[in-house]
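Single-structure report; data block below.
There are 8 protein chains.
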Amino acid sequence: MKPIVSIIMGSTSDWPVMEKTAVFLNEMQIPFEVNALSAHRTPEKVEVFARTAEERGIKVIIAAAGMAAHLPGVIAAMTALPVIGVPIKSSLEGMDAILAILQMPPGIPVATVALNGSLNAGILASQILAGSDAGIADKLKTYKENLKTKIVKANKDLAEYKFDYKTN
Amino acid sequence: MKPIVSIIMGSTSDWPVMEKTAVFLNEMQIPFEVNALSAHRTPEKVEVFARTAEERGIKVIIAAAGMAAHLPGVIAAMTALPVIGVPIKSSLEGMDAILAILQMPPGIPVATVALNGSLNAGILASQILAGSDAGIADKLKTYKENLKTKIVKANKDLAEYKFDYKTN
Amino acid sequence: MKPIVSIIMGSTSDWPVMEKTAVFLNEMQIPFEVNALSAHRTPEKVEVFARTAEERGIKVIIAAAGMAAHLPGVIAAMTALPVIGVPIKSSLEGMDAILAILQMPPGIPVATVALNGSLNAGILASQILAGSDAGIADKLKTYKENLKTKIVKANKDLAEYKFDYKTN
Amino acid sequence: MKPIVSIIMGSTSDWPVMEKTAVFLNEMQIPFEVNALSAHRTPEKVEVFARTAEERGIKVIIAAAGMAAHLPGVIAAMTALPVIGVPIKSSLEGMDAILAILQMPPGIPVATVALNGSLNAGILASQILAGSDAGIADKLKTYKENLKTKIVKANKDLAEYKFDYKTN
Amino acid sequence: MKPIVSIIMGSTSDWPVMEKTAVFLNEMQIPFEVNALSAHRTPEKVEVFARTAEERGIKVIIAAAGMAAHLPGVIAAMTALPVIGVPIKSSLEGMDAILAILQMPPGIPVATVALNGSLNAGILASQILAGSDAGIADKLKTYKENLKTKIVKANKDLAEYKFDYKTN
Amino acid sequence: MKPIVSIIMGSTSDWPVMEKTAVFLNEMQIPFEVNALSAHRTPEKVEVFARTAEERGIKVIIAAAGMAAHLPGVIAAMTALPVIGVPIKSSLEGMDAILAILQMPPGIPVATVALNGSLNAGILASQILAGSDAGIADKLKTYKENLKTKIVKANKDLAEYKFDYKTN
Amino acid sequence: MKPIVSIIMGSTSDWPVMEKTAVFLNEMQIPFEVNALSAHRTPEKVEVFARTAEERGIKVIIAAAGMAAHLPGVIAAMTALPVIGVPIKSSLEGMDAILAILQMPPGIPVATVALNGSLNAGILASQILAGSDAGIADKLKTYKENLKTKIVKANKDLAEYKFDYKTN
Amino acid sequence: MKPIVSIIMGSTSDWPVMEKTAVFLNEMQIPFEVNALSAHRTPEKVEVFARTAEERGIKVIIAAAGMAAHLPGVIAAMTALPVIGVPIKSSLEGMDAILAILQMPPGIPVATVALNGSLNAGILASQILAGSDAGIADKLKTYKENLKTKIVKANKDLAEYKFDYKTN
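Chains as they are written, first to last, in the numbering used here: chain B, 11 to 178; chain V, 11 to 178; chain H, 11 to 178; chain E, 11 to 178; chain Z, 11 to 178; chain R, 11 to 178; chain F, 11 to 178; chain Y, 11 to 178.
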């Protein structure tokens, strides 16, 4: 199957964070591709990547980068596809990456998620795709139900574990 | 025509910022609705709003709020639709609104745009819709072309205006 | 005995911090309950929790959360009880949690304590309850006296340990 | 009637912000007193104020200050009453006042509200008092209902005002 | 004369700040060109600009931008010329522009100057050029001498204006 | 009388802030001198100033600067006299000046006061001088008494002005 | 010998940082005392400490505290002696302690040194005392000379260690 | 060969960061010297260093410092050579060093690179030298090509490593 989501990161060192995006898309059975290309070190490749994404069948791009994180914005400037930006923490508590991705000027949005928010990037991509794909929409709903089941179970465990405080 | 984008803001005082979203969607001929509902002052109405959005035909929600801006996240928790968050500056240079919208925990993303980034919220919503609507996709491309024309013209004016410096 | 304080946290991972609240309330012999419910993953359960708290006999709610910490504010929006918010540090040095809890808009206050300030949340709850419960008021005074005794003793130890510097 | 809430501020220049607390308490018919005393310039008076508050019949103290805002914490150190802290913005966007009030060490909490959050301080004081005063509890509920009515009305006005966008 | 310094800014609205660079270069009699091109709205033009700068005879590029200021870094990625970055204040006190320009990843430096530091950008460009142009080196030294004369004179004026304080 | 306090500022534009230091020292009848010298634009003059201060009879130096405020630290490096640093707000809410003055490395302290804290710089200088000058010590005490009288009076005025709230 | 410098800290846990102050004063042969007293937990003892310091022969107070660090300011409010404040890092990268000590309102200065700047606090105290004690002045000068000797030696070592780079 | 780049750092403890500058310059075969001199502890040596740099044949100075990092600015004030500043992280996440180096006042620029950006400092120095040295220009181009080769290879490895996700 041809990928419809493209994960791109500024450095292969971002992969331990971004692997969660891949795992989630896999779970949703959404075909995706993975690339590591730097806006600064390989600008021509980034340009080819961005300009051909739509015709290659990509529907959503997820771009992750740290420091002066230009990758998501640079890609957004060269495609009409929605671009999700994931700030990666590597210095200054990640504030540099957050602001360099989030604060895009009028005209070129990047849909920014939380610092190191790779799982949420995958979910957001799925939500965007679900608008025109009922199968993904269904899988997302199942996923959300499971999330709730887990936290409700955790709450029960906690309540039991705590019981001795209350009776004292 | 039934609205497919829903603009919601935490307070009517956010309207001067959010009007740009409305103007843009109008220009794109995307039908939309506008609401002012507070996550804190009218939580039941926000819940009804969020839970019925999908069945009312809404495809994308744009939620704006300031300070401890919970509105986008609270709505995202109650719908499977993509939610775009617009941090509104009202105190602490807007950093409170940015962090309260952006830093969503794993499981519930909000697609955050820049501080007071109301135009970009409209563009991002259009990009999401363009995935399954070729008409919107075309209008977006035209819009982007016009943006370029404007800035190229501005550059020319600037170059001319500056000429006397260079010859001295 | 029925609980009169309710400790709620956004995730069971907050428990190592919030255990100090439980230990303190236990020491004050104030009956309490503990829940882990997420404003974003289990919004319906949070709503039931908040709307029934008063009728279940709860007098004060202590709500802890990290990142875009909406839980305290969301609960405060659905109850007239005083809500104490505890920002939990998990990213950005905890500044996201502080601002997302503290900066509530006019109309819905959250009584915010320091980052990871779980002990102070317990003391503040006790101070609020002490207004109509002389027994708690007495225990609080004893607790404060003990605090002083400890620090006075620590100071003495320090003065002795330092003695050799002064004589040189 | 003897005051049961005490509003204290570090400087008379804080009054334009704190007047909202007074107006709200008045509306709730809660008797209160107002003082301007500086933790740094009149420490003895602050001490007398704090040590006698309880015996004078005060149930809740609301303390406002700017810059290195020590007043709320200093008072909290000298009384067992709950102390609500209001950070006043005067420099550094108010971040100095927020941190100097919020970040109290273990043992001495201050219930901090938002920057310049004088209305919320009044509401929080009322919520604390409502625990043992049904009259205040009733008035608070009426107040909250009115808040909703206002924002629902504002939303209607907005929807109408926007109508022309949607039909275009 | 052919320009050897190129001033480029992300938006014509940056011109009131960047005019100081132009005035300074003019004073140094260094030929320069001025462009307004956005990394996000006109990426192709920026690329042509950057890739041809060296062959057009440019020796130093001065790039100014605000918000998520990618322009200096994007240009630095596509040329071997030294690039001076000027963060322009437009939101968040300019911290977004500072971090988005300064925090470049290893491999692609941008020589960043202070927020709105347009004069210093001109001086830095001159210092770089002075390394291989004795005429510029001489003019720079004269400029620095004049700076000192001005401040020494200001100091004298101040000392006299203050005199009455000292004699009282 | 020969000056014993030296006020130095990085730019004559700091004078409107620093005038309060001068007014205070005048009120204390402490002879002082005023200079505007830049650590960056007139480093030789700053060095002569710092190296000769002690022999000219100066006992305390008060140095004010904004932005990357090196003046206080540079002077402290070249004299054994106590140096008081006053951060002047001119950009980034003054945080640059605060950190550039406060965060001196081990070995060379600068006694830093609040942002634009020119009055406190004067008081601190007086406190340092009071250690060996009983006349200054007495004047300081009188000054502090007057401060209290003023705020006590302000509090009375406030209490009266507020009276109508309490009786309603 | 009676102490003339008083080191006070908010908690005995500050001692590992503040020990450097003690070691330095010892080296300068300046007699000192050490106390751990909390502005919040033992306010009466802090008051007695501050009000009696001058008559006990203390000339300079060095006060260290973390978080909402009120101790230096509270002491400064109750004595005419110069008070040196040392912000201790324990949360929020120490920014809370810095602002809570530095940003004192007009009238009550605290001479603030760098985060965890315990050595500089000792040096600053010595500089203040040196104004009226030639013996301390001499020892300070010797200390500064030694500092230089050390760093000059370090530089030589570095230059040699690096030699192989230059010859390659 | 005589050095043409001078690396100077405020403390030998900065060497582990700055070694990357040395390694890079070595790779470029650019002769350099290394010094550790403190703006605060050895100001006279810094002055001699700065004032003689040009006549010793130095073309670019790279100055690194942490905390209230005055070294780059102090040197820039005493030479007409271009000065590259490297902020070293040692406290406050390095924000103090960034602002103390970057925010130079008009007249004296420092070409600031990222926090701990020692490699970029070396590259920037090379770019400046390349303007008048074709050999360095060639080596820089080779270096940049190698950078690309490395990241393109890393991307390939990543794509292969990821393959199993896509096929599932």
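The beta carbon of each residue, even a glycine, is placed where N, CA and C say it ideally should be. Predicted model, so just to flag it, every value in this text is computed and none were measured.
For H/Val-120 and H/Gly-83, which I take to be in contact (beta-carbon distance under 8 Å), what is that distance rounded to the nearest angstrom? 6 Å
Nearest to Z/Ala-164 by alpha carbon, out of R/Pro-92, R/Pro-13, R/Thr-52 and R/Asn-36? R/Thr-52
With 9 Å as the threshold, decide whether the Cβ of Z/Asn-165 is near any Cβ in chain V. no
Figure out for me which residue from B/Ala-74, B/Ile-133 and B/Val-162 has the closest Cα to the Cα of B/Tyr-153. B/Ile-133
Pick out whichever of B/Ser-136, B/Leu-91 and B/Ala-87 has its Cα sitting closest to the Cα of B/Gly-117. B/Ala-87
Interface residues of chain Y facing Z/Leu-91 [CB-CB closer than 9 Å]: Gln-137, Ala-140 and Gly-141
Going along the region 26–43 of chain H in order, which residues come within less than 9 Å of chain E, judged by CB to CB distance? Lys-30
Identify whether E/Pro-26 lies in helix, strand or coil by the three-state DSSP scheme. helix
Those runs of the alpha helix (DSSP H) which lie wholly inside the region 85–127 of chain E and span at least 4 residues: 105–112
Rounded straight-line distance, which links the Cα of R/Pro-115 to that of Y/Ser-23: 13 Å
What residues in its chain sit with their C-beta under 6 Å from that of V/Lys-12, if we drop five residues either side in the sequence? Gly-67
Return the chain-ordered list of same chain residues with a C-beta closer than 7 Å to the C-beta of H/Gly-127, the five sequence neighbours on each side being excluded. Val-96
Against chain R: residues of the region 42–73 of chain E by CB proximity under 9 Å: Phe-42, Glu-43, Val-44, Asn-45, Ala-46, Leu-47, Ser-48, Arg-51, Thr-52, Glu-54 and Lys-55
Verify the contact flag: H/Leu-102, CB atom, against every heavy atom of the ligand NAP, threshold strictly below 8 Å. Among the components of this structure there are no ligands whatsoever, and the ligand NAP is therefore not found.
Quick check on F/Lys-176: does DSSP put it in helix, strand or coil? Per-residue confidence for F/Lys-176 stands at a pLDDT of 49, beneath the threshold of 50, marking its modelled position as unreliable; no derived number is given.
Alpha carbon of Z/Ala-73 to alpha carbon of Z/Glu-54, nearest angstrom: 16 Å
Supposed close pair H/Ala-135, H/Val-70 - CB separation, criterion 8 Å: 4 Å
CB Z/Leu-139 to CB V/Gly-104, shorter than 9 Å? no
Same chain, Cβ closer than 7 Å to Z/Phe-173, neighbours up to 5 away in sequence not counted: Below a pLDDT of 50, predicted positions are generally treated as unreliable, and Z/Phe-173, at 44, falls in that range; no measurement from the model is reported.
Report yes if the C-beta distance between Z/Pro-92 and Y/Gly-141 is below 9 Å; otherwise report no. yes
In whole angstroms, give me the CA-to-CA distance for F/Ile-85 and F/Lys-149. 29 Å
Can you list, in chain order, the residues of the region 90–114 of chain R whose Cβ is nearer than 8 Å to any Cβ on chain Z? Ser-101, Leu-102 and Glu-103
Going straight from the alpha carbon of R/Ala-78 to that of F/Phe-59, what length do you get? 38 Å
Quick check on DSSP: helix, strand or coil for Y/Gly-76? strand
Count the other C-beta atoms from every protein chain shown that fall within 10 angstroms of the C-beta of V/Asp-106, then say buried if there are 16 or more, exposed otherwise. buried
Determine, for B/Ala-87, whether the minimum Cβ-Cβ distance to residues of chain Z falls below 9 Å. yes
Exposed or buried, E/Gln-39, counting other C-beta atoms within 10 Å across all chains shown (16 or more means buried)? exposed
Where does V/Glu-43 sit, in a helix, a strand or coil, going by DSSP? strand
What in chain Y is Cβ-close to Z/Asn-130, meaning under 7 Å? Met-114, Pro-116 and Pro-119
Could you tell me which chain B residues have their CB closer than 8 Å to the CB of V/Val-123, listed as they occur along the chain? Leu-112, Met-114, Pro-119, Val-120, Ala-121 and Thr-122
What residues from chain Y crowd round Z/Leu-134, counting only those whose CB sits closer than 7 Å? Pro-92, Pro-119 and Ala-121
Residues bridged to F/Val-15 (per DSSP): F/Phe-42 and F/Val-70
Nearest-angstrom Cα distance between H/Asn-178 and F/Thr-122? Any reading at H/Asn-178 needs caution, since the residue's pLDDT is 40, under 50, leaving its predicted position unreliable; the model's value is listed next. Near 28 Å, if we compare the C-alpha coordinates of F/Thr-122 and H/Asn-178.
Whose Cβ in chain R lies nearer than 7 Å to the Cβ of E/Thr-22? Ala-164 and Leu-168
Would you mind reading off the limits of the alpha helix (DSSP H) that contains V/Glu-54? 53–63
If you measure from the beta carbon of B/Ala-144 to each beta carbon in chain Y, is any gap under 9 Å? no
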